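Colleague: Below is one structure. I have some questions about it.
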């Protein structure tokens, strides 16, 4: 179901053809049965790999941020010279 009062509204089938439409800027509503698509999209194929890549990069960034911190010994810290 789609309810719209502005612009062009359409219900598009899985094969790309228009099942139902409302003319632009005309109030109306549409109700249509749309068959489910059976194809696999590129986003479906790549989504798991992209998810793992982003999670891995985030984990790597955390490890670098917190694992790369060094505690300097107190004697290595020198006070700044006084300002003149």
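Numbering (this note's numbering), first residue to last: 1 to 84. We put the CB at the ideal spot given by N, CA and C, even for glycine. Given the structure is predicted, the values throughout are model-derived calculations rather than measurements.
#1: Keeping to the same chain, check which residues put their C-beta closer than 8 Å to that of residue 8; ignore five residues upstream and five downstream.
#2: Start and end of the beta strand (DSSP E) containing residue 21?
#3: Compute the distance between the beta-carbons of residue 14 and residue 42, then report whether it is under 8 Å.
#4: Quick one: Cα of residue 59 to Cα of residue 52, how far?
#5: Pull up the DSSP beta-bridge partners for residue 8, would you.
Modeller: According to the data block:
#1: 21, 22, 23 and 24
#2: 18–22
#3: no
#4: 10 Å
#5: Note: residue 8 sits in no beta bridge, so no partner.
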